[in-house]
Structures are given as structure tokens and as C-alpha cells.
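**Student:**
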Amino acid sequence: MYNNIIFYSASFLIVLFGFLTIFFKNIFYSLLSVICVFFLTAVLFLLLGSEYNAVIQLAIYGFAIPIILGLGIMFTGKSGHETASSGSKLKDLLFFFGGLFILAVIYLVLISNTVIPNGFNTNFNYEGINSYDNFRIFTQGIFVKYIYAFEIISVILTITAVGLTMIKKRGEGLK
Amino acid sequence: METGLYHYLFIALILFIIGLIGSIMCKNIIKVLICIEFILTGVNINFAVFAKYCGGVMSEGFVMILFYTAIGAVELAVALYIFYFMFAKKDSDNICKYGDL
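From first to last, the protein sequence lines are chains A and B. Following our numbering, the numbering of the first sequence begins with 1 at its first residue and continues without gaps. Following our numbering, the numbering of the second sequence begins with 1 at its first residue and continues without gaps.
(1) Based on the DSSP output, what are the partners of residue 94 of chain B in its beta bridges?
(2) Going by DSSP, what residue range makes up the alpha helix (DSSP H) through residue 34 of chain A?
(3) When you compare each of B:81, B:8, B:30, B:4 to residue 44 of chain B by their alpha carbons, which one comes out closest?
(4) Between A:141, A:98, A:6, which lies nearest to residue 25 of chain B when the distance is taken from Cα to Cα?
(5) Here's the rule: buried if 16 or more other CB atoms are within 10 angstroms of the residue's CB, otherwise exposed. What is residue 155 of chain A?
(6) So, helix, strand or coil for residue 21 of chain A, using DSSP?
(7) Is the CB-CB distance between residue 62 of chain B and residue 42 of chain B below 9 angstroms?
(8) With three or more C-beta pairs closer than 8 angstroms as the rule, is the region 144–153 of chain A touching the region 54–68 of chain A?
(9) Assign residue 93 of chain B to one of two classes, buried (16 or more other C-beta atoms within 10 Å of its C-beta) or exposed (fewer than that).
(10) With distance defined between alpha-carbon atoms, name the residue in A:15, A:55, A:76 nearest to residue 176 of chain A.
(11) Count the other CB atoms, across all protein chains shown, that sit within 10 Å of the CB of residue 162 of chain A; report buried if there are 16 or more and exposed otherwise.
(12) Can you round the beta-carbon distance between residue 21 of chain B and residue 106 of chain A to whole angstroms, since I take them to be within the 8 angstroms contact cut?
And the structure:
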């Protein structure tokens, strides 16, 4: 019962803040909306029984990425207002209602019995996963099954950090 | 109304479409990067949903979210660095002026 209320509230706010991110002219307000979207996505992960992913979402998407984006906004040296024109208001409205229309069509297709025999509210019989299973999945995934992918990701992160520093140093040397 | 697989998939789809529309519409490069992160977040929700509702088959979806999050953070850092150089050259955050990247 409470999960449903939390899910519908979080979903509504995700969609609202997602659209606000696009339609705010002030880039700083867009950044605040993005933080809200990422926090609410962490709530969805929590509802899905993946606490670990919720914490990762909060740490990386909720805090780290907005800080990087904030630094990017600071680098521009603008007063915060979007300098580039995003087209006329009529075009924005057309895109908005076009998007809503597409979503409505997708919803109607989903609830029709031709695509999904049991309709939109299909309740699957699934075996719920507990915290132990979740932890086991992570450890087996990272350290056993996908150990090479995990190592490649860490190498890419290291290359990015070192490469960006070297490019910066080289740029300073050329000046 | 009990929430199920399709409810979460629908929210992920909406987030994906918002990201897609935003990355096409917006001219500000930071907004475009934000919208790309929306797309990645929609994909991550899909991974988590399928990992939960098809637990025995695709439980690795939770692990894939980690990889996607890491790659997303790297992509954003590199893109912002390129943006920083281009902004220093062009003095504009309009993506239309970055044609000669």
C-alpha cells in the first residue's frame, strides 16, 4: 500500500522535474531539477529492492555529477541564464504536446489486450530477493562473473583521470 | 492499483523520452549532457526492474547498473572537458557553434 503511494508520488515528481529541467531557461534551476530527478530515481531503486544501487545513485548521480555540472556552469562564466535560444515558444509547445501525445499512444497500446494479454496491470509471480541475495549477486557479479569488465572499467577511469590531467598540462605548456 | 513490471518500465520509458526530446531540443550543451544522463538513468531503471521481476534469469542487471553509472560519470567528465576547451575557443555554450569540433 505504502509502496504504491511512494511509487506514484516519485514517478509524478520524476516526470515533472524532468520536464522542468528542459523548459527552465535558467541553467541553475535546471541543475536543481536534475538533482531532484536523480534523488527520486534512487527512491525507485529502493522500492525495487536494490539498496546498493540506490546508494550508488545518490552518491554519484545525486552528488558527484551535479557538482561536475556546477563546475561546468562556473567555467562558462555566464550569469546563469541560458544564452542560446531554444527556439520559439510555439516550437517548444509543439514538442511538449507532441511528446504527451506519443506517451498517451504508448499507454493506450500498453493497456490494450492485443499487445499484452493480461493488460497493463499484470502481476507476475516472482520470487522476491532479500538483502542477502542482493549482496551475493553483487559480489558474484563484480568479483567472479564480470571481473574483466570491472577491471576494464577501472582502467578506463584511471586513463580518463590521467589523460585529462596530461592534456591540461600540455595545453598550459603550449601557452 | 498494485505496481508491477510495466509501471516501472513505463516510468523508465518516460525518462528516456524526456532525455531524448531534451537532447534534440536544447541548444545549451550542459542541458544536452544532462538529458543524456536522463537517458542513462532510464536504462538503469530498466536493468533494475528486469533484475527484480525476472530474478532468476537476469539478476546481473543490478551489477550492470554499476558499470553504466561508472561509464556515465566518465563520459560526463570527458564531455565537460571538451566543452571547457570549446567554450574557451568559441565563447559560447550554443551547441550549434561547435560544428568544427
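Think of the CB as a built atom: it goes at the ideal place given N, C-alpha and C, for glycine as much as any other residue. Since the model is a prediction, treat every value here as computed from it, not as a measurement.
**Tutor:** The structure says:
(1) Its beta-bridge partners are B:28.
(2) 27–47
(3) B:8
(4) A:98
(5) exposed
(6) helix
(7) no
(8) no
(9) With 16 or more other Cβ atoms from the protein chains shown falling within 10 Å of its own Cβ, residue 93 of chain B counts as buried.
(10) Since the first residue shown for chain A is 1 and the last is 175, residue 176 of chain A is missing from the structure and cannot be characterised.
(11) exposed
(12) The Cβ separation is near 14 angstroms, so there is no contact.
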